[in-house]
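*Asks:* First residue of the sequence shown: 1, per the UniProt record's numbering; consecutive thereafter. Glycine is no exception: its CB is placed at the ideal position from the N, C-alpha and C atoms.
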Amino acid sequence: MDIHRCRFVPYQPQAINALAFSHSSNPKQHTPKDLRLAVGRTNGDIELWNPNQGQWVQERILRGGLDRTVEQVQWTQDLIVPDEEDIKDSQIERGHLRLFSSGGSTSITEWDVQKGTPKRHAEGNSDDIWCFAPQPQWTEGQVRNSIEQVRTAPSQLLAAGCADGSIILFSTIDNELRFTQFLIRAQSTKKSRCISITWRDRNTVVAGFEQSQIRVIDVRSRRTIRTMTLGKTADTAQPLVWALKCLPNGTILSGDSSGELKIWDAQNYSLVQRLKTHIADILDITTNTSGTMILTCGVDRRTVAYAPQSGTGNVKTQRWYEIRHRRFHEHDVKAITAFESKSMSIAVSGGIDTVPVVLPLKRWNEEYHRSLPHLPQKPQMSASSEARLMLTWCDSDLFIWHIPQQYQEPTDSESVSDEFQNQKLLAQIRLSGEEHITSAEISSNGTMVAAATSSGVRLFQIRRSTSASGQAEVRSRPVDLPTALAAQGATVVGFSPDSKWLAAVRLNNVVLMVKVIPPGAAREKPSLHPRVIKLDRKRRKVQAQQESALGTYANNISTLSFAPDSRILAVGDLSGAIDTWVLEGHEAVGTSETIENGAADSSASEDSDSDSDDETDSRVVHGQQWIRTPAGSQLPSLGSAVLALTFKPSLALPDHPSRTHGNEGLHPTRHNHHPVAPEHPPVDAGYLFAVTANHQVVEFDTINCRLTDWSRRNPNTTFPDQFRKIKDRVMGAWVDLRPSEHIERLWLYGSTFLFMLDVKRDLAKQTGQDLVKVGRLGQHVIEVPSNHALARNEHIEQQQKSKKRKRNAGAGGEMRYGQKYSADIDISIDGDDDVSIKVDIPSPPESIKQEDDLDDDDMMDIDDEVDKKISGSSRQDAVVQKEDQEADSETETQYRSQPASWHTFLYRGIYGLAVLGQAVDNDAAPEVVIVERPMFDVELSPRFMGGQEW
């Protein structure tokens, strides 16, 4: 397999400004299934992450726009109280989750998480909003004791601090967002920005100002209860109160620009204690639910944990001390938040280095932290296999690259910096408008590019030419789209492999299909059939949607895939449901175009927000129509979000050219004006692989709506342990099919791994002695037979742990006592002293090294060696035609000796992967391009605090 490693793509990850969990912490309850983490970034994007019991996955990105940013994000959830006089606690329900954000403007924005677009804006009638916080939710005890108050105020207020020093309130009652009143008006003589704000309880607001002040305000009377002054620091500067937090007992915590954590008494608001634990500004504070642990983060990149001194139960005399600090980030840490439940106890931090870091909270000293991918879950790239073009996009820009067929080594006269002269940026297209791109794709023949935003879909024709100097050039020009497609936004777009169909998924998850008509001459534009076909999805039970606080959010389509013969379309959503459609009939361009166009034009002229405003009842276009899978049933739901869909190439011969007009013998009737030949794709053309957020890999027979025999014999329990233990989620997949070499491989990749599964045979574990992991040597795992002494010690250690604990608390894996980067493994058993045990480990192969020790040329050599090891033959042998049966038998023998799986972690920061070429007819080895964007290549602003890396 030829691999092109690319690091020239100009994608710039954005800094994290805000973090917020959708639910309040409750250690007595299980983790809500609809728990989400909102991550606000500098470019205005908001990412929605699903903790998924520690298997973190980025489900969706709410795209921002030009000159927009997100400085803070917050969630609210209203109570639904019946109108009856006598009600019980069980009759009071929680409403839908609502997401709000602010971005340095005078308004607060509410987002529609179902559509991924801003829902409404509310002006504050004041200066720019610097911070805002939601009112605490009603607790169960408050609901029982204050039912009348709950009935009159079931929602949460939003308190916002402004640049002129004023504090304003927004109401969210009745599913609205509107300005209500001022808590504090700006002073005309001395203005001081309100830069931090929090709620002490439902009736008290605590606000921090830039002039070294903290104010406690009663919401009901709009009166300032107390004003606390921080005083000047050693350099005579007035500290800025960047962060505020309140403990459950009312104690106020403040973090300021002097790097001090100050603790204020809950009764008389006096300063109880100050802790100088940071050498620069503290930017955010969070605590656990019980208020027995405090976490702070700031400009010095430190994350500091505090705990109260044992035996001091009195709040006034209680002393706090630092228990640990560490630098999990490479730059300023701007936000940190925490969540606790029965099975989770975590904190998440983020900052300018763009990487969200998950920290264990309750098991701080027993589990590792985990860095989540800084790149999008859905690859923002596409490739044209015929034209060798690669499309990438970022914000509102599209980049079209040319990838050479073979990598050419630079000559002695060329410098090392000229290494990537083979690739070339052919064109850059910037979309008009303010919205960022949600999806884009280039056609297989490289002649068209489709891009979608939340406001519309654009189509461009790509024309390639050669300049006078012999350099390849690309010109682009827009192509008109039907109103039903161009006037409304889309979340996913895709071309069929034959470039004849364009599919788009609207913001309301309606799937649209339009026929692409190629140009008749070289200088002409392609055109689109005026009839836009709406593909109906299968109706499913809505009970789970009604119980979810996110409503129909799980119905959002996350991925789309065409079959290689372009006659089957499959889409998957966040709930794990998959819908498929097949194209029946034979293409007949000259069939009754006048009738079809006339009906479509009259329909497309209507401008409405309904789903069927621009679509007609007839779905026949050029003698073909898209219908649901004819089996009459639906594919089973997979239970978690569908991350990747890919079809297996079919071995069936293509249709004969004489059958192109196979509909000519069919005559229209009164009930069927456009008859279509009822012929469907072959069964093997509908074999579909699906990968979910739980890393469940299944193969469906979409024609018959059932699992394939291979998938029934190979449940996930038979998959390699290396795959099941991977924490990063799959980003994409493709199938490598070479019949003459007996090769049928499923390739999966994520941000840090590339994995291969041989799907031609079963993956069941080989019989023999099981291996037990007992430690590590550097990056290598140490495994010994189950009857080894080390394995028995490992079993004893596992028995000492609680049987109820089956997984970690949501962050990284569990720490091992005495783990060191050496051949000596220290194991502590029953509290005894550590025992150092020598383990004989064979020397690792040369192909397994640290990435930092290898350059790009070495990595390419490793890829070649690994490919030879997997395939059992060199790249030259892969294209040799077998001329007799004896050679076929030899190839079969080689295939049986190949491993059933293979993986590598040599690639870091994988931005995306695309197949440039793979032909079943000539059994050519696949040629892929891997785009990497590791953090050490990302340009960040200079750090305010350098040095001191501990």
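For Ser155, I'd like the list of residues in its chain whose CB is within less than 6 Å of its CB, leaving aside the five on either flank, ordered along the chain.
*Replies:* Working through the sequence shown from its first residue, we reach residue 155 at position 155. Only Asp78, Thr172 and Ile173 meet the Cβ criterion.
*Asks:* Consult DSSP for Met935 and reduce its assignment to one of helix, strand or coil.
*Replies:* Position 935 of the sequence shown, counting from 1, holds the residue named residue 935. In the structure shown, Met935 sits in a helix (DSSP, three-state: H, G or I).
*Asks:* Please classify Thr580 as buried or exposed, where buried requires at least 16 neighbouring CB atoms within 10 angstroms.
*Replies:* For the purposes of this step, residue 580 is taken as residue 580 along the sequence shown, with counting starting at 1. So Thr580 counts as buried.
*Asks:* Determine the direct distance from the alpha carbon of Val492 to that of Phe700, and round the result to whole angstroms.
*Replies:* What you label residue 700 is simply residue 700 of the sequence shown in a count that begins at 1. What you label residue 492 is simply residue 492 of the sequence shown in a count that begins at 1. Each residue's Cα considered, the two are about 22 Å apart.
*Asks:* Go to Phe182, then tell me how far its alpha helix (DSSP H) extends in each direction, as first and last residue.
*Replies:* Position 182 of the sequence shown, counted from the first residue, corresponds to residue 182. Note, Phe182: premise wrong, no alpha helix (DSSP H); beta strand (DSSP E) at Arg178 to Ile184.
*Asks:* Please specify which runs of the alpha helix (DSSP H), each continuous and at least 4 residues long, are wholly inside the region 720-767, giving them in chain order.
*Replies:* Qualifying alpha helix (DSSP H) stretches, in chain order: 721-724.
*Asks:* Considering Val150, what are the terminal residues of the beta strand (DSSP E) in which it resides?
*Replies:* The sequence position of residue 150 within the sequence shown is 150, counting from 1. Premise fails: Val150 lies in the alpha helix (DSSP H), Ile147 to Thr152, not in any beta strand (DSSP E).
*Asks:* What three-state label does DSSP hand Asp218 in the structure shown?
*Replies:* The residue you call residue 218 lines up with position 218 of the sequence shown. Note: Asp218 maps to strand in three-state DSSP.
*Asks:* At 3 residues or longer, and completely inside the region 501-589: list those beta strand (DSSP E) runs for me, N to C.
*Replies:* Within the region 501-589, the complete beta strand (DSSP E) runs of at least 3 residues are 501-506, 511-517, 527-535, 557-562, 568-573 and 578-584.
*Asks:* So, with DSSP's three-state summary, where would you put Asp607?
*Replies:* Walking along the sequence shown from the start, residue 607 turns up at place 607. Residue confidence is low: Asp607 scores 39 on pLDDT, short of 50, so the model does not pin down where it sits. No coordinate-derived value is stated.
*Asks:* Taking C-beta to C-beta, are Gly103 and Glu71 nearer than 7 Å?
*Replies:* To locate residue 103, count along the sequence shown from 1; it is residue 103. To locate residue 71, count along the sequence shown from 1; it is residue 71. Yes, Cβ-Cβ distance for Gly103 and Glu71 is below 7 Å.
*Asks:* Pull the bridge partners of Ile263 from the DSSP assignment, please.
*Replies:* Walking along the sequence shown from the start, residue 263 turns up at place 263. The partner list for Ile263 (beta bridge, DSSP) reads Leu253 and Gln273.
*Asks:* Take Lys424 and list the residues in its own chain whose beta-carbon comes closer than 6 Å to its own, dropping the five residues that flank it on each side.
*Replies:* Residue mapping note: residue 424 aligns to position 424 of the sequence shown, counting from 1. Same-chain partners within the cutoff: His402.
*Asks:* Between which residues of its own chain and Ala163 is the CB-CB distance below 7 Å, once the five residues before and five after are set aside?
*Replies:* Translated into the one-based positions of the sequence shown, residue 163 becomes position 163. Cβ within range, chain order: Asp127, Asp128, Trp130 and Arg193.
*Asks:* Could you have a look at Ser384 and say whether DSSP puts it in helix, strand or coil?
*Replies:* Within the sequence shown, numbered from 1, the residue matching residue 384 stands at position 384. The answer is strand: DSSP assigns Ser384 an E or B state.
*Asks:* Hey, Pro356 and Ala811: beta-carbon distance below 7 Å or not?
*Replies:* Reading the sequence shown from its first residue, position 356 is the one you call residue 356. Reading the sequence shown from its first residue, position 811 is the one you call residue 811. Contact flag unset, no.
*Asks:* For Asn52, which of helix, strand or coil comes out of DSSP?
*Replies:* For the purposes of this step, residue 52 is identified with residue 52 of the sequence shown, where counting begins at 1. Helix.
*Asks:* Does the beta-carbon of His278, which I'm using as the reference point, lie nearer than 6 Å to any heavy atom of the ligand FMN?
*Replies:* Here there are no bound small molecules, and the ligand FMN is not part of this structure.
*Asks:* What is the DSSP secondary structure of Gly116, counted as helix, strand or coil?
*Replies:* One-based indexing of the sequence shown puts residue 116 at position 116. Note: Gly116 maps to coil in three-state DSSP.
*Asks:* Between the beta-carbon of Asp34 and the beta-carbon of Ser548, is there less than 7 Å?
*Replies:* Reading the sequence shown from its first residue, position 34 is the one you call residue 34. Reading the sequence shown from its first residue, position 548 is the one you call residue 548. Cβ atoms of Asp34 and Ser548: closer than 7 Å.
*Asks:* So the alpha helix (DSSP H) Arg712 belongs to, where does it begin and stop?
*Replies:* Within the sequence shown, residue 712 is the residue found at index 712, counting from 1. First-last of the alpha helix (DSSP H) with Arg712: Asp709 to Arg713.
*Asks:* With distances taken from CA atoms, which of His4, Ser740 and Ala305 is nearest Ile346?
*Replies:* In the sequence shown, the residue the question calls residue 346 occupies position 346. If we check each option's Cα against that of Ile346, Ala305 comes out closest.
*Asks:* Where does Leu66 land, buried or exposed, given buried means 16+ other C-beta within 10 angstroms?
*Replies:* Here residue 66 is taken as the residue at index 66 of the sequence shown, counted from 1. It counts as exposed.
*Asks:* Quick check on Val9: does DSSP put it in helix, strand or coil?
*Replies:* Mapped onto the sequence shown, residue 9 falls at position 9. The answer is coil: DSSP assigns Val9 none of H, G, I, E or B.
*Asks:* Taking the Cβ atom as the reference point for each residue, do Gly208 and Pro248 lie within a distance shorter than 7 Å?
*Replies:* Taking the first residue of the sequence shown as 1, we reach residue 208 at position 208. Taking the first residue of the sequence shown as 1, we reach residue 248 at position 248. No. Outside cutoff.
*Asks:* Curious, which full-length beta strand (DSSP E) runs of at least 3 residues does the region 282-337 contain?
*Replies:* The qualifying runs are 282-287, 294-298, 303-308 and 320-326.
*Asks:* Quick test of your reading: Trp624 and Asp758, contact by CB under 8 Å. State the CB separation rounded to the nearest angstrom.
*Replies:* Along the sequence shown, one-based indexing puts residue 624 at 624. Along the sequence shown, one-based indexing puts residue 758 at 758. It is worth fixing the name first, because residue 624 is Gln in this sequence and not Trp. The pair is not a contact, with the Cβ atoms about 36 Å apart (cut-off 8 Å).
*Asks:* Give the C-beta separation of Val150 and Val81 to the nearest angstrom, bearing in mind that I take them to be a contact with Cβ-Cβ under 8 Å.
*Replies:* Counting from one through the sequence shown, the residue named residue 150 turns up at place 150. Counting from one through the sequence shown, the residue named residue 81 turns up at place 81. Their Cβ separation, rounded to whole angstroms, is 6 Å, which keeps Val150 and Val81 in contact under 8 Å.
*Asks:* Check whether the Cβ atoms of Ala280 and Val205 sit closer than 7 Å, and answer yes or no.
*Replies:* Position 280 of the sequence shown, counted from the first residue, corresponds to residue 280. Position 205 of the sequence shown, counted from the first residue, corresponds to residue 205. It is not a contact, given that the beta carbons lie outside the stated cut-off.
*Asks:* Determine the direct distance from the alpha carbon of Thr286 to that of Arg537, and round the result to whole angstroms.
*Replies:* Taking the first residue of the sequence shown as position 1, residue 537 is located at position 537. Taking the first residue of the sequence shown as position 1, residue 286 is located at position 286. Roughly 44 Å between the two C-alpha positions.
*Asks:* From the DSSP output, which residues share a beta bridge with Trp401?
*Replies:* Here residue 401 refers to the residue found at position 401 of the sequence shown. Note: Trp401 sits in a beta bridge opposite Met390 and Leu425.
*Asks:* Around the C-beta of Lys276, are 16 or more other C-beta atoms found within 10 angstroms, so that it is buried, or is it exposed?
*Replies:* Reading the sequence shown from its first residue, position 276 is the one you call residue 276. It counts as exposed.
*Asks:* Check for me: the beta strand (DSSP E) holding Leu361 runs from which residue to which?
*Replies:* Against the sequence shown, residue 361 aligns to sequence position 361. Unbroken run through Leu361: none, as it is neither H nor E.
*Asks:* Do Gly298 and Ala387 have their beta-carbon atoms positioned less than 7 Å apart in this structure?
*Replies:* Along the sequence shown, one-based indexing puts residue 387 at 387. Along the sequence shown, one-based indexing puts residue 298 at 298. Against a cut-off of 7 Å, the Cβ pair of Gly298 and Ala387 comes out as no contact.
*Asks:* May I ask you to list the residues that DSSP assigns as paired with Leu37?
*Replies:* As a first step, residue 37 is located in the sequence shown; it is residue number 37 there, counting from the start. Its beta-bridge partners are Phe21 and Trp49.
*Asks:* Determine the direct distance from the alpha carbon of Ser254 to that of Met228, and round the result to whole angstroms.
*Replies:* Position 228 of the sequence shown, counted from the start, is the residue given in the question as residue 228. Position 254 of the sequence shown, counted from the start, is the residue given in the question as residue 254. Roughly 11 Å between the two C-alpha positions.
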